[in-house]
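Here the structure is laid out as structure tokens; the discussion comes afterwards.
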Amino acid sequence: MIQLRNVTKRFGNNLAVDDLSLSVPAGEIFGLLGHNGAGKSTAIGMMLGQVWPTAGQVLLRGRDVTQDRRAALQAVGAIFEAPVFYNELSAWRNLDILSSYTARTPSNRIAEVIEWVGLKGRERDTVKTYSHGMRARLALAQALLPQPELLILDEPGDGLDPEGIHEMRQTILRLRKELGLTILLSSHLLAEVEQVCTQIAVLNHGRKLFQGALSEARQAQNWVRLRTDNFAASAAALRDAHLILDDRDDNFILPAPSIETDKIVHCLVSAGHRVFEIAREEQTLEHFYLSLMKK
Amino acid sequence: MILLHLRNELWKLFGKKRTYIGFGMFLLAQAAVLLLLRYARGPRREMAHRLELLGYSPDQFMSAVTMATSTLIPVAFLLLPLYAALIGGDLLAKESEEGTLRMMLSRPISRSRIVMVKWLAGVVFSLLLVLVLGISGAVVAGCLFHGGGLFALIPQESVFTVLGPAEGWRRYALATFILSGKAVTIMGLALMFSCFNVKPAAATVMAISLLFLSSIIQEMPYFHDLQHWFITYHINYWFRVFMDPPPWADIWSSISILFGFNATILIIGCVGFQIRDIKS
């Protein structure tokens, strides 16, 4: 559905995206992760034809965005962080205007989408009277109007309260389930990405560090929870014995490849430590992300 | 579809309170000048004295059409360029600043279409503004002053004309219509600047500055013979309608030059907008 082939973007001397190749399969909820300035928004800008790539090719639904913009963006909806509208106009008028840039949209379609996002009864009010949550729903409505196959969400949870974030999450899952959309989600909220995404890519300084299934990211590292009488000394002893690669949070160790927990216990007991607990810990996305960033 | 997009742009333009405030200020300024001419002794005395010096009766020529024409001059030289540049500068740069441009460009609409449609909306706005000014000037002047002939004196443009009432009103209507060309050109110039990555105010200031510079250099004695090379010479062609007889060849020449100028700045704006990166 989305393909970036060796895409590079320079803003003057600043290399925002560096030889990025990315592939978003159809039907997936794809998470695009990275720190501030990693190149996520620039990559999304290039996908939508708002930013011109310095090199490489950007394909949306098989069409080159720079060469055939109309066909590439025909069935694409997008939501940006802090959604903005024409505040003096009503929600209905805003939707009418924005949807017309794709195609003439009948009134019943606008009404249908307004009802779907839960804004029925408020559509004739001016947008300046809307709360942040209502604006987020209106942003979703404008993205759904062209009956998209692909939805691109750039930090959609920005500024939302916990209820709003929960609602956003449920909406994303509902969109995939009911409408079969492919969704690209760029977000800082790793917990949210972990709950909705099926595939992820991690960017750092414009380069891709990882792309794969979320389950793959979780299995990538097998951290073990360890409780002893002295964690720091225990970790040091295990490092000296080359049994672990890393430790964190005074609670977790990362065994070296092929090292089983019995060898770890044996080493610690031999070193005079008391072992209270040792158990495999399921990797969270946050842990995986932070370990990637550390590298 | 282009008409649909034009309709949308007009919705955006006329959806803003600022548009009506600007219109209102224009009408207020116009009414204030006419009221001053009607009730303030100084301006009336000055005008009557000038007419008598030239051998014309103040009773006959301090008429509605003369006063309506008199208010057109400060509006055309001072207020109209400023407001037209303000509107033109806002058309694209304001949407970029506010973030709605990103929403628009996430749709399959071409960038050149956006510029074209915004320009068209600016043209409609400019025509409407000048039309409203012309009509309101005529109506208010008609209420405050009696009927009579037209006395038009614009010394800096070498205009001195005395005409009967019917011909006077005809020339006034023509001048108002042709004045829209000036508004469109200034609006288009500001729109061109707003196609680049600048703030709305910067686009307005650049347009006004360019016109200011052009008018200053044009007035320099050294450039007197080269006046027709300056855009300010051509955008002020509307007052030549008051010459007797009007130099139609000259007027049509200026119209065609402005047509070419507008086409050129529109193309430059389209190119500038096309190659630009739109970011948050």
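Chains A and B supply the protein sequences, listed in that same order. Anchor point for the first sequence: position 137 equals 137 in the numbering used here, and the numbering is continuous, going up by one each time. Anchor point for the second sequence: position 58 equals 1058 in the numbering used here, and the numbering is continuous, going up by one each time. For glycine and all other residues, C-beta sits at the position ideal for the given N, C-alpha and C.
Exercise. Opposite residue 23/A in the DSSP bridges: which residues?
Worked result: 3/A
For this session: Quick one: measure Cβ to Cβ for residue 182/A and residue 24/A, integer angstroms, because I've assumed they're closer than 8 Å.
Result: 7 Å
Exercise. In three-state terms, what does DSSP make of residue 1069/B?
Worked result: Looking at residue 1069/B - three-state DSSP - the assignment turns out to be helix.
Problem set entry | the region 37-56 of chain A / the region 112-119 of chain A touching (three or more Cβ pairs under 8 Å) | By the criterion of at least three beta-carbon pairs nearer than 8 Å, the region 37-56 of chain A is not in contact with the region 112-119 of chain A.
Exercise. Residues of chain A with CB under 8 Å from residue 1281/B, in chain order?
Worked result: As displayed, chain B neither begins before 1001 nor continues past 1280, which places residue 1281/B out of reach and without an answer.
Exercise. Going by DSSP, what residues sit across from residue 212/A in a beta bridge?
Worked result: 200/A
Problem set entry | Sheet register partners of residue 1263/B (DSSP bridge) | Paired residues: none, contrary to the question.
Exercise. Do you know how far the Cα of residue 246/A is from the Cα of residue 48/A?
Worked result: 41 Å
Problem set entry | Range of the contiguous beta strand (DSSP E) that encloses residue 277/A | 275-280
For this session: Please report how far the alpha carbon of residue 1102/B lies from the alpha carbon of residue 162/A, in whole angstroms.
Result: 27 Å
For this session: Return the Cβ separation of residue 134/A and residue 61/A in integer angstroms, given the expectation that the two are a contact with Cβ distance under 8 Å.
Result: Wrong, their Cβ atoms sit about 31 Å apart, outside the cutoff.
Problem set entry | Contacting residues, own chain, Cβ-Cβ under 8 Å from residue 125/A (five flanking each side not counted) | 90 and 91
Problem set entry | Residue span of the beta strand (DSSP E) that contains residue 78/A, given as start and end | 76-79
Problem set entry | Close-in-space but distant-in-sequence residues of the same chain around residue 280/A (CB under 7 Å, 5 per side omitted) | 222 and 224
Exercise. Quick one: is residue 1228/B near chain A, going by C-beta distance under 8 Å?
Worked result: no
Exercise. Which residue comes first and which comes last in the beta strand (DSSP E) that contains residue 1161/B?
Worked result: 1159-1163
Problem set entry | Candidates 1236/B, 1194/B, 1203/B and 1198/B: closest to residue 1214/B by CA position | 1236/B
Exercise. Alpha carbon to alpha carbon, what distance is there between residue 153/A and residue 71/A?
Worked result: 20 Å
Exercise. Closest Cβ-Cβ distance between residue 1006/B and chain A: below 8 Å?
Worked result: no
Exercise. Of all the CB atoms in chain A, is at least one closer than 8 Å to the CB of residue 1187/B?
Worked result: Chain A, which has no Cβ nearer than 8 Å to the Cβ of residue 1187/B, makes this no.
For this session: Look at the alpha carbon of residue 1126/B and the alpha carbon of residue 1060/B, and state the distance between them as a whole number of angstroms.
Result: CA-to-CA, the gap between residue 1126/B and residue 1060/B works out to about 33 Å.
Problem set entry | Bounding residues of the alpha helix (DSSP H) (the contiguous stretch that carries residue 1026/B) | Annotation for residue 1026/B: the continuous alpha helix (DSSP H) segment containing it runs 1017-1039.
Exercise. Per DSSP, what kind of secondary structure is residue 131/A in: helix, strand or coil?
Worked result: coil
For this session: Identify, in the order they occur along the chain, each residue of the same chain with its Cβ nearer than 7 Å to the Cβ of residue 1171/B, setting aside the five sequence neighbours on each side.
Result: 1150, 1163, 1241 and 1242
Exercise. Since residue 100/A meets chain B, which of its residues come closer than 8 Å, beta carbon to beta carbon?
Worked result: Result: 1001, 1004, 1005 and 1008.
For this session: Would you kindly report the start and end of the unbroken alpha helix (DSSP H) that includes residue 1200/B?
Result: 1200-1219
Exercise. Are any of the Cβ atoms in chain B nearer than 8 Å to that of residue 104/A?
Worked result: yes
Exercise. With burial defined as no fewer than 16 other Cβ atoms inside 10 Å of the residue's Cβ, what is the status of residue 1238/B: buried or exposed?
Worked result: buried
For this session: Find the residues of chain A that neighbour residue 1107/B, judging by a C-beta separation of less than 8 Å, and give them in chain order.
Result: Listed along the chain, the chain A residues whose CB falls inside 8 Å of the CB of residue 1107/B are 73, 98, 101, 102 and 146.
Exercise. Using a Cβ-Cβ distance under 8 Å, would residue 1090/B count as near chain A?
Worked result: Taking Cβ atoms only, chain A never reaches closer than 8 Å to residue 1090/B, which makes this a no.
Problem set entry | Rounded C-alpha distance that separates residue 261/A from residue 249/A | 19 Å
For this session: Report the rounded CA-to-CA distance for residue 29/A versus residue 191/A, giving the unit in angstroms.
Result: 14 Å
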